[in-house]
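Order-wise, the sequence lines are chains A and Y.
Per this note's numbering, the first sequence runs over residues 1 to 227.
Per this note's numbering, the second sequence runs over residues 228 to 253.
Glycine included, C-beta positions come from ideal geometry on N, C-alpha and C.
What follows is one structure encoded as C-alpha cells, with my remarks underneath.
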Amino acid sequence: PAAQPLHQPQSSASTSDYPRPPAAAQSQAPPPVSAPFNQETLMQRLQALIEGARESWTYAIFWQSSYDMSGASVLGWGEGFYKDERDKGKVKPKTTTSLVEQEYRKKVLRDLNSLISGADTSADDAVVDQEVTDTEWFFLVSMTQNFVNGGGLPGQAFFQSNPVWVAGPDRLAASSCERARQGQVFGLQTMVCVPTANGVVELGSTELIFQTSDLVNKVRVLFDFNN
Amino acid sequence: HTAIPQARKASLARFLGKRKERVINS
Numbered sequence: 001p002a003a004q005p006l007h008q009p010q011s012s013a014s015t016s017d018y019p020r021p022p023a024a025a026q027s028q029a030p031p032p033v034s035a036p037f038n039q040e041t042l043m044q045r046l047q048a049l050i051e052g053a054r055e056s057w058t059y060a061i062f063w064q065s066s067y068d069m070s071g072a073s074v075l076g077w078g079e080g081f082y083k084d085e086r087d088k089g090k091v092k093p094k095t096t097t098s099l100v101e102q103e104y105r106k107k108v109l110r111d112l113n114s115l116i117s118g119a120d121t122s123a124d125d126a127v128v129d130q131e132v133t134d135t136e137w138f139f140l141v142s143m144t145q146n147f148v149n150g151g152g153l154p155g156q157a158f159f160q161s162n163p164v165w166v167a168g169p170d171r172l173a174a175s176s177c178e179r180a181r182q183g184q185v186f187g188l189q190t191m192v193c194v195p196t197a198n199g200v201v202e203l204g205s206t207e208l209i210f211q212t213s214d215l216v217n218k219v220r221v222l223f224d225f226n227n
Numbered sequence: 228h229t230a231i232p233q234a235r236k237a238s239l240a241r242f243l244g245k246r247k248e249r250v251i252n253s
C-alpha cells in the first residue's frame, strides 16, 4: 500500500496557503483554465461556477481523490465555497432547529473560531451573532467527511465516472446515500456530483434544479487540471 | 482536536471570516 497519496494534484494545500489575505477570497473572475492547481485557484473555480450559473446554488465543494495508508481510494475535502442565502437578498434562510440545537451550533462555531485563531476569542461574538442555518451547518459538517471506496454521493460519481444529479426532496430522502438524505434534512432540494480527473465537484441548492449539460460541461472545463 | 488538516483549516478560516464580516456589516 502506498504511504502517500498516489495521485494528489500537483500542488495541494500547503502550509503557505494559510493564512491568506481575505481579498483573495473575494475574487470574482475565474482563473484561466491553464492556471496552476492549488487551493487558491480551486476556490476561485468553485466561486466562478456558482456565481456564473443561472441557477441558484448554495455551495460547491471539491472532493479531492487520494489513497489512504491501506491503499483504499478516498475522497476528502479539497476546498469549498458557500454562498449565503442572506447575500442573495432573498427570503430568510430556513432553520428548523430548536433553541438548544442553535446554542450547540454556535458553541461549535465559537470553539472552532478559537481553535483556528489560536487564541481566546470568547469576546469575538460576531461569528455567532446570527443563527447558524441548516445549510451552513451542512457545509461545515462536510469539512469533517471522507468517502472511502465509492461511498456516498461523491464516491458514486467518481467510481462510475458519471455525474450524479438528484433533484427533489423526495428523491434525496429516498437515496441510498446517507449524504443525500442528510442534505434533504438540512433543506437541500438538489444535489449534484460531477467527477473530474482528480476528484469530484459537488453542488447543492435549496431550490429544485433539473439536470443541464451546461453545468456538467462547465465543471469539466474549469476542473480539467490535466490540460 | 487541534490537528485540523491544512486544506480544511483554510476553508474553515475563510468560512468563519466571511460569516463574521457579514454579521458586522449587517
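When you compare only the Cα positions, how much space is there between residue i and residue j?
i: residue 137 of chain A; j: residue 97 of chain A; result: 11 Å
i: residue 133 of chain A; j: residue 83 of chain A; result: 12 Å
i: residue 103 of chain A; j: residue 130 of chain A; result: 11 Å
i: residue 158 of chain A; j: residue 187 of chain A; result: 25 Å
i: residue 215 of chain A; j: residue 113 of chain A; result: 34 Å
i: residue 125 of chain A; j: residue 251 of chain Y; result: 10 Å
i: residue 145 of chain A; j: residue 179 of chain A; result: 10 Å
i: residue 85 of chain A; j: residue 220 of chain A; result: 26 Å
i: residue 21 of chain A; j: residue 42 of chain A; result: Residue placement at residue 21 of chain A cannot be trusted, given a pLDDT of 37 that sits under 50; the coordinates are not used to answer.
i: residue 101 of chain A; j: residue 206 of chain A; result: 21 Å
i: residue 243 of chain Y; j: residue 106 of chain A; result: 11 Å
i: residue 9 of chain A; j: residue 176 of chain A; result: Its pLDDT being 41, under 50, residue 9 of chain A is placed unreliably in this model, and the value from its coordinates should be taken loosely. So the alpha carbons of these two residues sit roughly 30 Å apart.
i: residue 160 of chain A; j: residue 200 of chain A; result: 11 Å
i: residue 110 of chain A; j: residue 224 of chain A; result: 37 Å
i: residue 140 of chain A; j: residue 211 of chain A; result: 26 Å
i: residue 236 of chain Y; j: residue 116 of chain A; result: 7 Å
Are there 16 or more other CB atoms within 10 angstroms of the CB of residue i, so buried, or fewer, so exposed?
i: residue 26 of chain A; result: The predicted model places residue 26 of chain A with a pLDDT of 43, which falls under 50 and marks its position as unreliable; any figure quoted below should be read in that light. Exposed, because fewer than 16 other Cβ atoms sit within 10 Å of the Cβ of residue 26 of chain A.
i: residue 24 of chain A; result: Residue confidence for residue 24 of chain A is low, a pLDDT of 40 falling below 50, so the modelled location carries little weight; the figure read from the coordinates is stated next. Its Cβ having fewer than 16 others within 10 Å, residue 24 of chain A is exposed.
i: residue 52 of chain A; result: exposed
i: residue 69 of chain A; result: exposed
i: residue 166 of chain A; result: buried
i: residue 239 of chain Y; result: buried
i: residue 174 of chain A; result: exposed
Are residue i and residue j touching if we call contact CB-CB under 7 Å?
i: residue 154 of chain A; j: residue 194 of chain A; result: no
i: residue 198 of chain A; j: residue 73 of chain A; result: no
i: residue 169 of chain A; j: residue 156 of chain A; result: no
i: residue 142 of chain A; j: residue 61 of chain A; result: yes
i: residue 65 of chain A; j: residue 49 of chain A; result: no
i: residue 203 of chain A; j: residue 184 of chain A; result: no
i: residue 245 of chain Y; j: residue 127 of chain A; result: no
Provide the residue span of the alpha helix (DSSP H) that contains residue i, from first to last.
i: residue 237 of chain Y; result: 233-252
i: residue 66 of chain A; result: No alpha helix (DSSP H) holds residue 66 of chain A; the beta strand (DSSP E) holding it covers 59-67.
i: residue 46 of chain A; result: 39-51
i: residue 211 of chain A; result: Segment: none, residue 211 of chain A is in no alpha helix (DSSP H) and carries neither H nor E.
Could you tell me the boundaries of the beta strand (DSSP E) in which residue i lies?
i: residue 237 of chain A; result: The requested residue 237 of chain A does not occur in the structure, where chain A is confined to residues 1 to 227.
Q) Enumerated in chain order, which unbroken segments of the alpha helix (DSSP H) with a length of 4 residues or greater are wholly contained in the segment 166-200 of chain A? A) 169-173 and 178-185
Q: Entirely within the segment 124-155 of chain A and at least 4 residues each: give me those alpha helix (DSSP H) ranges in chain order.
A: 134-142
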